[in-house]
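Here is the structure we will look at.
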Ligand SMILES: O=C(O)CCC(=O)C(=O)O
Ligand SMILES: [Fe+2]
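In full-length UniProt numbering, the protein residues as written are 1 to 323.
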């Protein structure tokens, strides 16, 4: 397999999705649509998220992963019925058949009290967070960032509706009470002698609707390029997010929008930090092929599912014991 080095992913200024008139929003949407048909991955600028908030999230992440091992494991996500909290190195295997991922992580979601009817009904990934008591700034920063990323994610999903020539509010039921996951990731440096296939994050597609990714300055993210049948680098672009669509858009569009394989190999020699925000949607929302995405005579490639059923299946696949 070859690695290509030119920066090939589209870069889209999405400011007009929030501020523009109908024609300007449609123009951004058209660019989103083209990017989703080719790579399923693109960079965005003009997203409106305060750079100070981005810095604060990275600061909170570093502070957390620097805590003593005992403080981190006290918040192990195994203590959380809704998969919140700390996950040690090598706990997830995103690439079937490869060794477990060389990353540790921390999962955060919307704060839902344990006695909320949705929690009592067993909604997937819904419930209270676990917070590090040693770091008083951690929870407020994470929550402020969650809110900002959520709003951006919803704007992008509306843009995706336009890109498919659907009404802008086509996904509104999906956006109602959407479940999203903020994940802090920390990658140690790639070992000098890795086990065969061992790396920061194995090749995978993302599970949900779309992912907004912040990465630090070190690089290491690679995206599968269908056209060249090789990995291309997705180097850090200051001030931007990397956005990719996940499996739900592949299902909605019958693979017209591609949920693309990607992986991380941290060859920087330093610790790498990244912050994906997985915009997943309302857990009970039914996901079925959008009729206008079916060419005449074409059949849906995926059975109807719900957001939650799909998530559970993805967690089962990548964790030894989950969901
Ligand atoms: O760390 C990265 O750059 C990507 C992480 C990723 O793909 C994921 O968490 O799904
Ligand atoms: Fe991913």
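Here a beta-carbon is modelled for each residue, glycine too, at the ideal position from N, C-alpha and C.
Close-in-space but distant-in-sequence residues of the same chain around residue i (CB under 7 Å, 5 per side omitted)
| i | result |
| --- | --- |
| residue 67 | 132, 134 |
| residue 47 | 14, 152, 241 |
| residue 148 | 49, 53 |
| residue 118 | 112, 126 |
| residue 177 | 282 |
| residue 30 | 163 |
| residue 319 | 92 |
| residue 257 | 36, 37, 40, 245, 249, 250 |
Nonlocal neighbours in the same chain, by C-beta distance under 6 Å from residue i, ignoring five residues either side
| i | result |
| --- | --- |
| residue 2 | Reliability fails at residue 2, whose pLDDT of 46 lies under 50, so the model's placement of it is uncertain and the value that follows must be treated cautiously. Cβ within range, chain order: 230. |
| residue 225 | 232 |
| residue 183 | 105, 107, 276 |
| residue 323 | Model confidence at residue 323 stands at a pLDDT of 44, short of 50, so the residue's coordinates are unreliable and nothing is read from them. |
| residue 192 | none |
| residue 10 | 35, 42 |
| residue 290 | 252 |
| residue 123 | 283 |
| residue 63 | 135 |
| residue 267 | 190 |
| residue 308 | 124, 283 |
| residue 23 | none |
Option nearest residue i by Cα separation, candidates the options
| i | options | result |
| --- | --- | --- |
| residue 299 | 308, 288, 166, 309 | 288 |
| residue 44 | 280, 21, 239, 275 | 239 |
| residue 110 | 203, 139, 191 | 139 |
| residue 27 | 159, 98, 8, 103 | 159 |
| residue 187 | 114, 223, 274, 19 | 274 |
| residue 278 | 143, 266, 290, 245 | 245 |
| residue 255 | 197, 293, 266, 236 | 293 |
| residue 194 | 302, 61, 99 | 99 |
| residue 59 | 74, 39, 75, 141 | 141 |
| residue 40 | 209, 143, 196, 302 | 209 |
| residue 174 | 115, 207, 157, 301 | 157 |
| residue 97 | 197, 90, 215, 179 | 197 |
| residue 155 | 272, 318, 211, 236 | 211 |
| residue 61 | 143, 303, 19 | 143 |
Supposed contact pair residue j and residue i - C-beta distance, whole angstroms, cut 8 Å
| i | j | result |
| --- | --- | --- |
| residue 249 | residue 36 | 7 Å |
| residue 221 | residue 203 | About 12 Å separates the two Cβ atoms, so there is no contact after all. |
| residue 200 | residue 72 | Wrong, their Cβ atoms sit about 18 Å apart, outside the cutoff. |
| residue 216 | residue 272 | 6 Å |
| residue 180 | residue 150 | 6 Å |
Cut-off 8 Å between Cβ atoms - residues of its own chain near residue i, not counting five sequence neighbours on either side
| i | result |
| --- | --- |
| residue 269 | 189 |
| residue 213 | 221, 241, 242, 243, 244, 274, 275, 276, 277 |
| residue 325 | In this structure the chain extends from 1 to 323, so residue 325 is not present and cannot be described. |
| residue 25 | 16, 17, 159, 162, 168 |
| residue 76 | 85, 86, 87, 88 |
| residue 166 | 290, 292 |
| residue 306 | 283, 284, 285, 286, 287 |
| residue 310 | 207, 247, 248, 251, 287 |
| residue 79 | 85, 130 |
| residue 236 | 215, 216, 217, 218, 219 |
Within-9 Å CB hit, residue i to chain D
| i | result |
| --- | --- |
| residue 63 | Any reference to chain D falls outside this structure, which holds one protein chain only. |
Distance cut-off 8 Å: residue i Cβ against heavy atoms of ligand 4
| i | result |
| --- | --- |
| residue 215 | For ligand 4, the structure offers nothing, since it holds only ligand 1 and ligand 2. |
Of all the alpha helix (DSSP H) runs that stay within the bounds of the segment 218–253, which reach a length of 4 or more residues?
247–252
Could you tell me which whole beta strand (DSSP E) segments of length 3 or greater appear in the segment 67–131?
85–87, 104–109
Contact between the segment 153–172 and the segment 261–272: three or more CB pairs below 8 Å?
no
Just checking, does the segment 68–79 make contact with the segment 270–286 on the three C-beta pairs under 8 Å criterion?
In short, these stretches do not touch, since the Cβ pair count stays below three.
With three or more beta-carbon pairs closer than 8 Å as the criterion, would you say the segment 75–91 touches the segment 118–130?
yes
Taking three-plus beta-carbon pairs below 8 Å as touching, is the segment 52–64 in contact with the segment 26–36?
Touching, no.
Considering only residues of the segment 5–47, which uninterrupted alpha helix (DSSP H) runs meet the minimum length of 4 residues and lie entirely inside it, listed in chain order?
Listed in chain order, the complete alpha helix (DSSP H) runs (minimum 4 residues) inside the segment 5–47 are 15–19, 22–38.
Unbroken stretches of the beta strand (DSSP E), 3 residues or longer, contained in the segment 127–187
Counting only runs of 3 or more, we get 179–187.
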